[in-house]
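Visitor:
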Amino acid sequence: MSNNEKENMGRMYTLQDLLTDEFIARIKIGDAEPSLLNAARQYLKDNGVHSGLKQDTKIQDLVSVLPFKEEEEEPISKVN
2 MSNNEKENMG
12 RMYTLQDLLT
22 DEFIARIKIG
32 DAEPSLLNAA
42 RQYLKDNGVH
52 SGLKQDTKIQ
62 DLVSVLPFKE
72 EEEEPISKVN
C-alpha cells in the first residue's frame, strides 16, 4: 500500500470516528431528531453492526445510546 493510500485510509478512519462521536453526543443530550436517528441506524447497518459486536468499540457506544429495541422484543403498546 502506498503512502497516499495509507493517508487516505487514515482520513477515512478519522472521519468515521468523528461521525460516530457526533451521533453519540447528539443522541445522549437528546438533540437527535428522527432524521439523525435514521442516519445513525443506517450508518450501523452499512457497517455491518449487529448484536455480535465487540463491546469495546466506538460503534458499540453508538449502539448503546440508540433508542431502538431488539427485533425480538414485544412492542410496549399496540395501536388498535
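Per the working numbering, the very first residue in the sequence shown carries number 2; after that it's consecutive. We put the CB at the ideal spot given by N, CA and C, even for glycine. Quantities reported herein were computed from a predicted structural model and do not represent experimental measurements.
1. Looking at residue 63: is its Cβ nearer than 8 Å to the Cβ of residue 21?
2. State the Cα-Cα distance for the pair residue 32 and residue 46, rounded to the nearest angstrom.
3. Which of the three DSSP states is assigned to residue 3 in this structure?
4. Hey, out of 41, 7, 35 and 48, whose CA is closest to residue 25's CA?
5. Does DSSP classify residue 31 as helix, strand or coil?
Guide: Per the coordinate set shown:
1. Against the sequence shown, residue 63 aligns to sequence position 62. Against the sequence shown, residue 21 aligns to sequence position 20. Yes. Within cutoff.
2. Position 31 of the sequence shown, counting from 1, holds the residue named residue 32. Position 45 of the sequence shown, counting from 1, holds the residue named residue 46. Computed Cα separation, rounded: 22 Å.
3. To locate residue 3, count along the sequence shown from 1; it is residue 2. The answer is coil: DSSP assigns residue 3 none of H, G, I, E or B.
4. Numbered from its first residue, the sequence shown carries residue 25 at position 24. Closest by alpha carbon: 41.
5. Residue numbering aside, residue 31 sits at position 30 when the sequence shown is read from its first letter. Coil, per DSSP.
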